[in-house]
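**Q** The structure's right below; bear with me while I get my questions together.
Residue numbers (my numbering): 654 to 1070.
If you want it as structure tokens, here you go:
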């Protein structure tokens, strides 16, 4: 009999898509897929984007090795970014691992084995990256941009529509780069138009990871006019100081006439009520106190509805690794804390404006009669929640209209109307 297989998927939603593809292929070959604690063979799909992710991956591998030593697992197989980046070192240091498998190629078929809740899914439309940011190791791990074929994407959307999922999250390292390598004239806006026509059984479509330099008018118009598309723009700016942006090789400046400030202004004017999510990096090599304060002040002015911050991680193989002026960890941590403290204040103020308003909310979880969900302004796993008060029996995937009655720092509370 074939052994039971379980997977531990670490890192971002793009990794999760890879994990679903791995399991899908194995399931089609007749393997039984089970939770990791019931598995005979454990797979771990690793992340190696920044130092914290590498440490998490190593710890997970060591825990699985320990289970193997105790006889609770027959095999441990390591997939993904950590294997791709450090295979030769890992093979020597972790001899108990049965196999190391590097990056996973794009899956053109329909062999997905879902590990997300049944009511939402991720669709990865491209792999690798067209950008060459000086701090980022992704091109080294994943290679240059590789767009999934149009026909494959439409087939996958058709399958999701048949399954009548409530939410489809479209992901990639930079989905605004979609199609650049295909040279068939199909960009993200054109692709999205076709996706919408095929997505009759899908309620929400969410776009994750949009680059400021390729956020065109055609895409903004489609987001504004199409009811299925969440009014949610995920727009990582990384910094606002022109010198730092240049060192990061972001190919964009602060310039209010055509840079980040202009893009943000364009988004807010084109899509009333939009939720803007961004990510920023602090502690980049050479970042002065003045440049950090410029970033902090800009966050205060821009009032992003959602914001994630990262401490710069010095990654070998990147241009920034050899930059002078590496910032001490204590300084990075202090700057990170200041950013998150400020964002907490901003979020509290933004959430307070929802009091008394009605929001459409997707139910994510039901536990002992308590319900938790999200609005269109919140992506799975990374953003805030809405705590739902309802007299009806609800299930994950349901939509409810809630009157917002209370707010928390990042979350909302509402009663069904």
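Just so you know, even glycine gets a beta-carbon here, dropped at the ideal spot from N, CA and C.
Sort 747, 816, 820 by Cα distance to residue 711 and report the nearest one.
**A** In the chain shown, counting from the first residue as 1, residue 711 sits at position 58. The shortest Cα separation from residue 711 among 747, 816, 820 belongs to 747.
**Q** Considering only DSSP beta bridges, list what residue 698 is partnered with.
**A** Sequence index remark: in the chain shown, residue 698 carries index 45 (1-based). Answer is 662, 732, bridged to residue 698.
**Q** Does the Cβ of residue 699 have 16 or more other Cβ atoms within 10 Å, making it buried, or fewer, making it exposed?
**A** For the purposes of this step, residue 699 is taken as the residue at position 46 of the chain shown. So residue 699 counts as buried.
**Q** Curious, which full-length alpha helix (DSSP H) runs of at least 4 residues does the segment 756-825 contain?
**A** Correct list: 791-795, 803-816.
**Q** Name the residue from 1065, 1010, 947, 984 whose alpha carbon lies nearest to the alpha carbon of residue 1001.
**A** Here residue 1001 corresponds to residue number 348 of the chain shown, with the count starting at 1. Closest by alpha carbon: 1065.
**Q** Going straight from the alpha carbon of residue 978 to that of residue 969, what length do you get?
**A** Here residue 978 is taken as the residue at index 325 of the chain shown, counted from 1. Here residue 969 is taken as the residue at index 316 of the chain shown, counted from 1. Going from the Cα of residue 978 to the Cα of residue 969 covers about 16 Å.
**Q** With distances taken Cα to Cα, identify the nearest neighbour of residue 689 among 1041, 720, 929.
**A** Your numbering for residue 689 matches position 36 in the chain shown. Residue 720 is the option with its Cα nearest to residue 689.
**Q** By Cβ distance, which residues of its chain are closer than 6 Å to residue 835, with the 5 residues on each side in sequence left out?
**A** Your numbering for residue 835 matches position 182 in the chain shown. 800, listed in sequence order.
**Q** Would you mind reading off the limits of the beta strand (DSSP E) that contains residue 886?
**A** Within the chain shown, the letter at position 233 stands for residue 886. Note, residue 886: beta strand (DSSP E), 885-887.
**Q** Whole angstroms are fine: how far does the CA of residue 1051 sit from the CA of residue 960?
**A** Position 307 of the chain shown holds residue 960. Position 398 of the chain shown holds residue 1051. When rounded, the distance between both Cα atoms is 27 Å.
**Q** Rounded to whole angstroms, how far is the Cβ of residue 1029 from the Cβ of residue 885, which I believe are closer than 8 Å?
**A** By one-based count along the chain shown, residue 1029 stands at place 376. By one-based count along the chain shown, residue 885 stands at place 232. Confirmed, about 6 Å.
**Q** Using the DSSP secondary-structure output, state which residues sit across from residue 861 in a beta bridge.
**A** Counting from one through the chain shown, the residue named residue 861 turns up at place 208. BP columns for residue 861 are empty, so no partner.
**Q** If we ignore side chains and look at the alpha-carbon of each, how far apart do residue 684 and residue 918 end up?
**A** Numbered from 1 along the chain shown, position 31 holds the residue referred to as residue 684. Numbered from 1 along the chain shown, position 265 holds the residue referred to as residue 918. Their backbone Cα atoms lie some 52 Å apart in a straight line.
**Q** Could you tell me which residues DSSP puts in a beta bridge with residue 930?
**A** Walking along the chain shown from the start, residue 930 turns up at place 277. Bridge partners of residue 930: 887, 959.
**Q** To the nearest angstrom, report how far apart residue 1015 and residue 819 are at their CA atoms.
**A** Residue mapping note: residue 1015 aligns to position 362 of the chain shown, counting from 1. Residue mapping note: residue 819 aligns to position 166 of the chain shown, counting from 1. The alpha-carbon atoms of residue 1015 and residue 819 are separated by roughly 8 Å.
**Q** To the nearest angstrom, report how far apart residue 675 and residue 765 are at their CA atoms.
**A** On the chain shown, residue 675 is found 22 positions in, with the first residue counted as 1. On the chain shown, residue 765 is found 112 positions in, with the first residue counted as 1. Taking the straight line from one Cα to the other gives about 8 Å.
**Q** Under the rule that 16 or more other beta-carbon atoms within 10 Å means buried, what is residue 901, buried or exposed?
**A** Position 248 of the chain shown, counted from the start, is the residue given in the question as residue 901. So residue 901 ends up on the buried side.
**Q** With a threshold of 8 Å, establish whether the CB of residue 806 neighbours any heavy atom of the ligand ZN.
**A** Among the ligands in the structure shown, none appear at all, so the ligand ZN cannot be discussed.
**Q** Would residue 958 be called buried (16 or more neighbouring beta carbons within 10 Å of its own) or exposed?
**A** Start at 1 with the first residue of the chain shown, and residue 958 comes out as number 305. Buried: at least 16 other Cβ atoms inside 10 Å.
**Q** Should residue 809 go down as buried or exposed, given a rule of 16 or more other Cβ atoms within 10 Å for buried?
**A** By 1-based counting over the chain shown, the position of residue 809 is 156. Buried, because 16 or more other Cβ atoms sit within 10 Å of the Cβ of residue 809.
**Q** Between the alpha carbons of residue 989 and residue 680, how many angstroms are there, rounded?
**A** Counted from its first residue, the chain shown places residue 989 at position 336. Counted from its first residue, the chain shown places residue 680 at position 27. Taking the straight line joining both Cα atoms gives about 43 Å.
**Q** Give the DSSP bridge partners of residue 752, in chain order.
**A** The residue you call residue 752 lines up with position 99 of the chain shown. The partner list for residue 752 (beta bridge, DSSP) reads 730.
**Q** Considering only residues of the same chain and omitting the five flanking positions on each side of residue 863, which have a CB-CB separation below 7 Å?
**A** Translated into the one-based positions of the chain shown, residue 863 becomes position 210. For residue 863, where only same-chain residues beyond five positions count, the Cβ hits under 7 Å are 828, 829, 886, 887, 888.
**Q** For the segment 991-1007 against the segment 890-908, are there 3 or more C-beta pairs whose distance is under 8 Å?
**A** Taking 8 Å as the limit for Cβ pairs, the verdict is that the segment 890-908 does not touch the segment 991-1007.
**Q** Starting from residue 1052, trace the beta strand (DSSP E) in both directions and tell me its first and last residue.
**A** Taking the first residue of the chain shown as 1, we reach residue 1052 at position 399. Run containing residue 1052: 1052-1060, per the beta strand (DSSP E) assignment.
**Q** Can you say whether residue 742 is buried or exposed, counting buried as having 16 or more other CB atoms within 10 angstroms of its CB?
**A** As a working note, residue 742 is residue 89 in the chain shown. Exposed, because fewer than 16 other Cβ atoms sit within 10 Å of the Cβ of residue 742.
**Q** For residue 696 and residue 735, I'd like the C-alpha separation in whole angstroms.
**A** As a first step, residue 696 must be located in the chain shown, where it is residue number 43. As a first step, residue 735 must be located in the chain shown, where it is residue number 82. For residue 696 and residue 735, the distance between alpha carbons rounds to 13 Å.
**Q** If you follow the beta strand (DSSP E) that residue 868 is in, where does it begin and where does it stop?
**A** Your numbering for residue 868 matches position 215 in the chain shown. Neither: residue 868 is in no beta strand (DSSP E) and is coded neither H nor E.
**Q** Does the segment 944-958 come close enough to the segment 748-768 to have 3 or more Cβ pairs within less than 8 Å?
**A** No, because fewer than three Cβ pairs between the segment 944-958 and the segment 748-768 fall closer than 8 Å, the two stretches do not touch.
**Q** Examine chain D for any beta-carbon lying closer than 9 Å to the beta-carbon of residue 759, and answer yes or no.
**A** No chain D is present in this structure, which holds just one protein chain.
**Q** Taking residue 930 as the reference, which of 923, 962, 936, 922 has the closest Cα?
**A** As a first step, residue 930 must be located in the chain shown, where it is residue number 277. It is 962.
**Q** Identify, in the order they occur along the chain, each residue of the same chain with its Cβ nearer than 7 Å to the Cβ of residue 879, setting aside the five sequence neighbours on each side.
**A** Position 226 of the chain shown, counted from the first residue, corresponds to residue 879. Result list for residue 879: 849, in chain order.
**Q** If you draw a straight line from the C-alpha of residue 1054 to the C-alpha of residue 877, how long is it?
**A** Locating residue 1054 in the chain shown gives position 401, counting from the first residue. Locating residue 877 in the chain shown gives position 224, counting from the first residue. C-alpha separation (whole angstroms): 21 Å.
**Q** Determine the burial state of residue 966: buried for a count of at least 16 other Cβ atoms within 10 Å of its Cβ, exposed for fewer.
**A** Numbered from 1 along the chain shown, position 313 holds the residue referred to as residue 966. Residue 966 is buried by the Cβ-count criterion.
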